[in-house]
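**Q** Residue numbers (this note's numbering): 39 to 142.
Here you go:
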């Protein structure tokens, strides 16, 4: 399986689907399914039973998963593609292809 280029905590922009042009922070990544959950994107209704956290239960709104191909990483306010290269210390790092700057 290929390495995913987007990680938890990154800021991404949705480029396809119902929530196109929305931006948000990545809350979680599912590597096996190739999906991620973005804050405030793909909101779905979920029915929940009463429990300790939610005493009354009912219908709640939560973020649903979105495929990783439908988002782009945002670097300095602009969406960009991500690549990998090896720095001078021999460490593999992500970089923004539009500016050629290392991300982390």
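From the three backbone atoms N, C-alpha and C, an ideal C-beta is built for every residue, glycine too.
What is the DSSP secondary structure of residue 136, counted as helix, strand or coil?
**A** Numbered from 1 along the chain shown, position 98 holds the residue referred to as residue 136. In this structure, residue 136 counts as coil in the three-state DSSP scheme.
**Q** Please list, in chain order, all residues of the same chain as residue 96 whose beta carbon is under 8 Å from its beta carbon, the five residues on each side excluded.
**A** Translated into positions along the chain shown, residue 96 becomes position 58. 85, 86, listed in sequence order.
**Q** Mind checking whether residue 113 and residue 141 have CB atoms under 8 Å apart?
**A** Here residue 113 corresponds to residue number 75 of the chain shown, with the count starting at 1. Here residue 141 corresponds to residue number 103 of the chain shown, with the count starting at 1. Yes, the Cβ-Cβ distance between residue 113 and residue 141 is below 8 Å.
**Q** In the DSSP assignment, find the unbroken beta strand (DSSP E) run with residue 116 in it and report its ends.
**A** To locate residue 116, count along the chain shown from 1; it is residue 78. Unbroken beta strand (DSSP E) run through residue 116: 116 to 118.
**Q** At a cut of 8 Å, does the stretch 120 to 139 reach the stretch 53 to 65 through at least three beta carbon pairs?
**A** No: fewer than three Cβ pairs fall under 8 Å.
**Q** What is the rounded straight-line gap between the Cα of residue 46 and the Cα of residue 80?
**A** Taking the chain shown and counting its residues from 1, the one referred to as residue 46 is at position 8. Taking the chain shown and counting its residues from 1, the one referred to as residue 80 is at position 42. If I take the Cα positions, the gap works out to 17 Å.
**Q** Would residue 52 pass as a contact of residue 127 if the rule is Cβ separation under 8 Å?
**A** Taking the first residue of the chain shown as position 1, residue 52 is located at position 14. Taking the first residue of the chain shown as position 1, residue 127 is located at position 89. Not a contact, by the Cβ cut-off of 8 Å.
**Q** Would you mind sorting residue 98 into buried or exposed? The rule is 16 or more other CB atoms within 10 Å of its CB.
**A** Indexing the chain shown from 1 puts residue 98 at position 60. Exposed, because fewer than 16 other Cβ atoms sit within 10 Å of the Cβ of residue 98.
**Q** If I'm right that residue 101 touches residue 65 with Cβ under 8 Å, what's the distance once you round it to whole angstroms?
**A** Here residue 101 is taken as the residue at index 63 of the chain shown, counted from 1. Here residue 65 is taken as the residue at index 27 of the chain shown, counted from 1. Going by Cβ atoms, the distance from residue 101 to residue 65 rounds to 7 Å, so yes, they are a contact pair.
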